[in-house]
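Student:
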Amino acid sequence: MELRLDVDGKQKGSKRIKKVIELLGLKVRYWEIYKTNNGWHHYIGVDNKLTDLEVVLVQALMGSDFKRECFNYLRVKSGKFSYDDWNVLFKRKYEVDLVNGDVKLVSREIKVGVKL
Numbered sequence: 015m016e017l018r019l020d021v022d023g024k025q026k027g028s029k030r031i032k033k034v035i036e037l038l039g040l041k042v043r044y045w046e047i048y049k050t051n052n053g054w055h056h057y058i059g060v061d062n063k064l065t066d067l068e069v070v071l072v073q074a075l076m077g078s079d080f081k082r083e084c085f086n087y088l089r090v091k092s093g094k095f096s097y098d099d100w101n102v103l104f105k106r107k108y109e110v111d112l113v114n115g116d117v118k119l120v121s122r123e124i125k126v127g128v129k130l
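In this note's numbering, each residue carries its 1-based index in the sequence shown increased by 14.
As structure tokens, then:
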């Protein structure tokens, strides 16, 4: 199972994430951290079996963007999406100029660390 967090702001949120891991007894296999234009992406592999709704809850508790997790909750509740379709973090974001059709890269992940 992989938790995917979108943490906005200058702080990575690692202290909060570690506390949730400790309190919930999560067994971490890997933890990768990427810098984005607006914050951080965390990919945390855990050995615990979690339902999709539990994944949404844990990601929210860990400090993932609340609006993202609200949309994740709605997608899970609809029953119309697979895990990889509702729990998405974009490695790159693009904007399209609707007038001339130009495509511009506006954000991308940059790997900054791995924690265990």
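Quick reminder that beta carbons are idealized off the backbone N, C-alpha and C, glycines included.
In three-state DSSP terms, what is L40?
Tutor: By one-based count along the sequence shown, residue 40 stands at place 26. Reduced to three states, the DSSP call for L40 is coil.
Student: Confirm, please, whether the CB-CB distance from H55 to L17 is below 8 Å.
Tutor: What you label residue 17 is simply residue 3 of the sequence shown in a count that begins at 1. What you label residue 55 is simply residue 41 of the sequence shown in a count that begins at 1. In this structure, H55 does not lie closer than 8 Å to L17 by Cβ.
Student: Within 10 Å of its beta-carbon, does R43 have 16 or more other beta-carbons around it, so buried, or fewer, so exposed?
Tutor: Position 29 of the sequence shown, counted from the start, is the residue given in the question as residue 43. Looking at its Cβ environment, which holds fewer than 16 other Cβ atoms inside 10 Å, R43 is exposed.
Student: Kindly list the residues whose CB is nearer than 6 Å to the CB of G77, restricted to its own chain and excluding five residues on each side of it in sequence; keep chain order.
Tutor: Counting from one through the sequence shown, the residue named residue 77 turns up at place 63. So the qualifying residues of the chain are V21, G27 and R30.
Student: Would you mind giving the Cβ-Cβ distance between K41 and D61, rounded to the nearest angstrom? I have them listed as a contact below 8 Å.
Tutor: In the sequence shown, the residue the question calls residue 41 occupies position 27. In the sequence shown, the residue the question calls residue 61 occupies position 47. So it is a contact: roughly 4 Å between Cβ atoms.
Student: Which class does L112 belong to by DSSP, given the choice of helix, strand or coil?
Tutor: The sequence position of residue 112 within the sequence shown is 98, counting from 1. Coil at L112, not helix or strand.
Student: For the putative contact between V34 and L75, defined by C-beta atoms under 8 Å, what is the C-beta separation to the nearest angstrom?
Tutor: Mapped onto the sequence shown, residue 34 falls at position 20. Mapped onto the sequence shown, residue 75 falls at position 61. Right, their Cβ atoms sit about 5 Å apart.
Student: Use the C-beta contact count for T50: other C-beta atoms within 10 angstroms, 16 or more gives buried, fewer gives exposed.
Tutor: In the sequence shown, counting from the first residue as 1, residue 50 sits at position 36. It is buried - the Cβ of T50 has at least 16 other Cβ atoms within 10 Å.
Student: For the segment 32-82, which segments carrying the beta strand (DSSP E) assignment without a break, of at least 3 residues, lie completely within its bounds, in sequence order?
Tutor: Taking only runs of at least 3 residues, the beta strand (DSSP E) segments lying wholly in the segment 32-82 are 42-49 and 53-60.
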